[in-house]
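Step one of this worksheet: look at the structure below.
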Amino acid sequence: MTQNQVERVESTQIERARDGEVTPEMEYIADVEGIDADELREQVAEGSAVIPANVNHDGLHPMTVGAGRVKVNANIGASATTSAIDEEVEKVERAVRWGADTVMDLSTGCDNLDEVRRAVINASPVPVGTVPVYQALDEAGSVEEMDGDLLLDVIEKHARQGVDYVTIHAGVLQEHLPLTTGRTTGIVSRGGSLLAEWMEVHDEQNPLYERFDEVSEILARYDVTYSLGDGLRPGCIDDASDAAQFAELDTLGELVERARESGVQTMVEGPGHVPLNEIEENVRRQKEVCDGAPFYTLGPLVTDIAPGYDHMTSMIGAAVAGWKGADMLCYVTPKEHLGLPNAEDVKQGLIAYKIAAHSADVARGDDAKRWDDELSKARFAFDWEQQFEFALDTETARAYHDETLPGDNYKDAEFCSMCGPEFCSMRITQDQRDEADEDALAFDHEYPPVEEVNVVKERRERLLGE
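Following this line, the structure appears as structure tokens:
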């Protein structure tokens with residue numbers, strides 16, 4: 000792919016898939032994920048999988064949402080008070096380092112939004128998403144001065160720059176707003192609240208809904224994917240699964256069909272705060288209403304009591320959502336609800352969500368469990384280096400172990416500092432096997448190459464290496 004600022008693709012991924020073509024992007028993804036390219040083509044053709052790949056994103060490594068393993072997105076972005084271009088680039092690099100499958104630039108309030116976005120796209124080998132309404136408000140100066148023409152102009156600017164998918168809050172309608180009045184936290188989506196205010200001020204229908212087909216024409220020119228935003232998502236568990244949330248979802252189902260007719264790939268964003276017992280029904284309902292479109296969830300957070308730890312409260316919900324059919328999980332960092340995340344927060348959010356996504360893959364019966372099995376064999380064999388290599392975060396695993404067994408002591412130690420040599424259950428088990436003259440499998444196990452077991456690490460190495 001080249002940065003020649005293509006003004007119109009001949010046909011999009013979904014159109015080519017419908018024509019029976021296995022595109023180069025599909026072949027690449029099939030190789031990385033170990034899935035069948037023809038099956039991927041069929042899923043893209045029917046809309047149950049998407050390949051966010053703007054023709055103007057130079058250096059992109061294609062990926063899919065909806066096929067293969069559960070994916071993870073990392074939100075980044077500068078604000079009027081915090082961060083700058085170099086910090087956002089560092090966040091991109093940190094996100095890719097820790098396994099983000101996509102990144103979303105949510106920058107707002109800066110004087111140089113175009114430059115920030117350009118730097119993020121240039122730095123990112125994974126798909127980049129944005130929310131164009133943020134910049135439209137910045138350029139207009141107020142909701143009163145923002146109009147549909149400006150919204151479309153900004154959407155096209157993002158598409159031309161190389162953004163791979165855009166969040167469009169076209170499902171928030173005038174008739175939905177009264178349904179939010181009894182909520183504990185009202186409207187918590189930034190895009191949703193801006194458009195709700197716009198409709199109140201102008202006493203008109205949502206311009207993104209009214210001009211949705213025009214938006215689709217823009218996205219089709221560059222093969223940009225829709226991420227239909229959940230502008231009325233619940234902002235606390237008390238508001239989950241209410242009339243406002245599901246009224247918008249019904250509208251999103253309508254828009255999925257219209258987008259596909261326009262040749263635009265489409266995924267749908269999901270709720271942010273949902274009690275554990277309601278997650279499965281939320282996923283089932285989205286898949287039914289939106290005709291199997293990939294589901295992209297923010298969390299969900301399953302409890303509201305832990306500010307500062309919401310990467311944990313949400314990874315619980317994310318694991319369940321992924322298990323029950325969600326296709327991409329938008330990470331939450333420890334700073335959620337409290338402030339703009341920095342590079343270290345990005346790492347912590349991603350580690351939490353890679354664990355959630357992998358847990359979902361294991362529960363769904365994918366081959367992901369091989370990774371767990373090989374690490375467990377290394378653990379039982381006291382093969383510390385192999386255990387560290389298989390770990391999601393090699394550096395942290397090694398550092399924690401070496402705090403109490405420094406230097407070369409750990410290399411041959413058949414115990415860790417938790418139990419010591421006399422009380423190590425695994426060593427005792429091995430001694431019992433030896434005494435019974437059993438084959439101690441752990442000591443002569445031949446490990447497969449890490450990349451054959453762990454597609455997450457393999458993808459990470461490809462991205463970092465190229």
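Just so we're aligned, residue 0 is where the sequence shown starts under numbering that gives the first Met the number 0, counting upward by one. Think of the CB as a built atom: it goes at the ideal place given N, C-alpha and C, for glycine as much as any other residue.
Quick test of your reading: residue i and residue j, contact by CB under 8 Å. State the CB separation rounded to the nearest angstrom.
i, j, result
"Ser226", "Glu280", "Their Cβ separation, rounded to whole angstroms, is 22 Å, which puts Ser226 and Glu280 out of contact at 8 Å."
"Ala73", "Leu349", "6 Å"
"Leu112", "Asp137", "6 Å"
"Thr183", "Gly228", "The pair is not a contact, with the Cβ atoms about 21 Å apart (cut-off 8 Å)."
"Leu472", "Ala355", "Outside the displayed span of the chain (0 to 465) sits residue 472, for which this structure offers no information."
"Pro274", "Ala239", "6 Å"
"Val200", "Val142", "6 Å"
Name the residue from the options whose alpha carbon lies nearest to the alpha carbon of residue i.
i, options, result
"Arg284", "Ala325, Ile304, Leu275, Ala317", "Ala325"
"Pro23", "Leu275, Pro274, Cys423, Leu59", "Leu59"
"Ala390", "Phe381, Ala380, Trp370", "Trp370"
"Glu277", "Ala305, Met145, Val319", "Val319"
"Thr63", "Gly108, Asp430, Tyr27", "Tyr27"
"Arg232", "Pro61, Trp322, Val263, Leu178", "Leu178"
"Glu247", "Gly170, Leu207, Ala380", "Gly170"
"Gly128", "Val102, Asn205, Ala292, Phe379", "Val102"
"Val88", "Glu143, Ala122, Gly67, Arg257", "Ala122"
"Lys286", "Gly262, Asp309, Glu256, His310", "Glu256"
"His157", "Gly298, Glu174, Asp392, Val214", "Val214"
"Gly67", "Gly298, Ala258, Glu14, Asp366", "Asp366"
Between the C-alpha atoms of residue i and residue j, what's the straight-line distance to the nearest angstrom?
i, j, result
"Arg159", "Leu300", "35 Å"
"Val21", "Ala36", "7 Å"
"Ala441", "Asp433", "Because the pLDDT at Ala441 is just 47, under 50, the model does not fix this residue reliably, and the value given afterwards should be weighed accordingly. The alpha-carbon atoms of Ala441 and Asp433 are separated by roughly 12 Å."
"Ala135", "Leu149", "6 Å"
"Lys368", "Val43", "26 Å"
"Ala377", "Phe387", "9 Å"
"Arg461", "Gln347", "22 Å"
"Ser313", "Leu151", "33 Å"
"Gln244", "Asp344", "29 Å"
"Gly252", "Cys289", "4 Å"
"Gln429", "Ala380", "9 Å"
"Ala16", "Val331", "33 Å"
"Asp30", "Leu39", "11 Å"
"Phe294", "Ser47", "9 Å"
"Gln431", "Arg363", "36 Å"
"Gly191", "Gln173", "11 Å"
"Glu384", "Glu457", "18 Å"
"Arg7", "Met25", "20 Å"
Please confirm whether residue i and residue j have their CB atoms less than 8 Å apart.
i, j, result
"Glu114", "Ile75", "no"
"Val5", "Asn55", "yes"
"His272", "Gly307", "no"
"Val49", "Thr224", "yes"
"Trp322", "Ala351", "no"
"Asp303", "Ile236", "yes"
"Leu337", "Thr81", "no"
Per DSSP, residue i forms a beta bridge with which residues?
i, result
"Tyr164", "Gly128, Thr224"
"Tyr295", "Glu268, Met327"
"Leu300", "His272"
"Lys70", "Met327"
"Thr101", "Asn72"
"Val49", "Val64"
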